[in-house]
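Q:
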């Protein structure tokens with residue numbers, strides 16, 4: 073277009089930026105998205121909030137906090153106002169790029185700008201809090217979500233549970249598991265896995281560990297949560313293959329009875 077003497081408009085650049093961003097998992101595409109943003113400004117065309125946010129998000133996905141933060145600062149310098157999506161992307165970069173402590177700072181910054189964090193924003197902060205082992209902050213984020221009438225989803229709860237488990241706080245993890253049930257959020261195998269993994273590694277007698285794991289496993293069966301390939305070996309080791317297989321076979325039968333009219337899948341063998 074430029075070689076033909078035609079002058080592209082900002083919207084043309086934005087389209088190219090978005091196209092490269094769709095394949096942002098590849099380093100070359102991230103670099104191209106950023107290069108086109110730079111060219112847009114070099115040509116004296118107005119880069120809008122969306123163009124900046126698109127590139128920020130691309131780098132955030134791979135945990136490149138430095139580039140994401142730099143683009144956010146540049147965006148402000150150019151007179152653009154970051155929106156909720158912009159800040160959420162940077163917070164996500166904090167969690168993925170080893171800058172977990174900065175996540176809460178950016179959350180407060182966006183609030184000071186008059187922006188209202190959404191579920192994805194809080195989820196990113198909770199993820200960052202969990203990765204730095206700060207379960208208290210993760211809990212505070214859940215409370216703030218409730219205050220703003222936002223509903224934490226399964227990912228939020230699982231992240232907090234994982235945070236407690238990593239710190240060896242089994243009681244805290246189980247408490248949060250129960251609270252998600254109170255909020256009608258059904259746990260999945262990822263909800264139970266970090267708890268059982270931590271119990272299996274705790275310094276206690278094998279009888280104590282087996283007793284706790286047995287109770288948690290019974291809860292899984294009650295909720296019709298089937299163990300996966302990651303969790304199954306731990307359950308087999310603690311409770312015995314025959315017992316685990318029997319419980320899982322029974323779980324499959326319950327699922328079949330409740331799935332009236334649904335196609336019957338081949339039974340899974342746990343032995």
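Numbering (the working numbering), first residue to last: 73 to 343. Where is the CB? At the ideal position from N, CA and C, for every residue including glycine. All of these numbers come straight from a predicted model, not from anything done at the bench.
Using only the alpha-carbon positions, how far apart do residue 188 and residue 315 sit?
A: One C-alpha to the other measures close to 50 Å.
Q: To which residues of the same chain is residue 306 closer than 8 Å at the C-beta, ignoring the five residues directly before and after it?
A: Contacts found: 268, 269, 272 and 285.
Q: Taking Cβ to Cβ, would you say residue 143 is nearer than 8 Å to residue 124?
A: Their beta carbons are under 8 Å apart, which means residue 143 touches residue 124 by this criterion.
Q: Counting only the same chain and skipping the five closest in sequence on each side, list residues whose C-beta sits under 7 Å from that of residue 333.
A: Only weak support is given to the placement of residue 333: the predicted model assigns it a pLDDT of 48, under 50, and the question is left unresolved by the model.
Q: Can you have a look at residue 200 and say buried or exposed, based on whether 16 or more other CB atoms are within 10 angstroms of its CB?
A: Its Cβ being crowded by 16 or more others within 10 Å, residue 200 is buried.
Q: Can you give the Cα-Cα distance for residue 290 and residue 259, rounded to whole angstroms?
A: Whole-angstrom Cα-Cα distance: 14 Å.
Q: Can you tell me where the alpha helix (DSSP H) with residue 299 in it begins and where it stops?
A: Segment: none, residue 299 is in no alpha helix (DSSP H) and carries neither H nor E.
Q: Throw me the rounded Cβ distance for the residue 165 and residue 136 pair, which I believe falls under 8 Å.
A: The Cβ separation is near 7 Å, so the contact holds.
Q: Apart from the five residues on each side of it in sequence, which residues of its chain come closer than 8 Å, Cβ to Cβ, to residue 190?
A: Within the same chain, residue 190 has close Cβ partners 156, 160 and 222.
Q: I'd like the list of long-range same chain contacts for residue 264, defined as Cβ closer than 6 Å, with 5 residues on each side in sequence excluded.
A: Closer than 6 Å at the Cβ level, and outside the excluded window around residue 264, lie 292.
Q: Return the CA-CA distance between residue 279 and residue 194, expressed in angstroms with no decimal places.
A: Rounded to the nearest angstrom, the two C-alpha atoms are 39 Å apart.
Q: On the three-state DSSP scale, how would you describe residue 134?
A: Coil at residue 134, not helix or strand.
Q: Considering only the beta carbon of each residue, do residue 24 and residue 175 sit closer than 8 Å?
A: Coverage of the chain is limited to positions 73 through 343, which leaves residue 24 absent and any answer about it impossible.
Q: Helix, strand or coil: which one does DSSP assign to residue 240?
A: In the structure shown, residue 240 sits in coil (DSSP, three-state: anything other than H, G, I, E or B).
Q: Which residues bound the alpha helix (DSSP H) around residue 215?
A: Where residue 215 is concerned, the enclosing alpha helix (DSSP H) stretches over 207-219.
Q: Buried or exposed: residue 300, going by 16 or more other Cβ atoms within 10 Å of its Cβ?
A: Counting Cβ neighbours within 10 Å, residue 300 comes out exposed, since fewer than 16 surround it.
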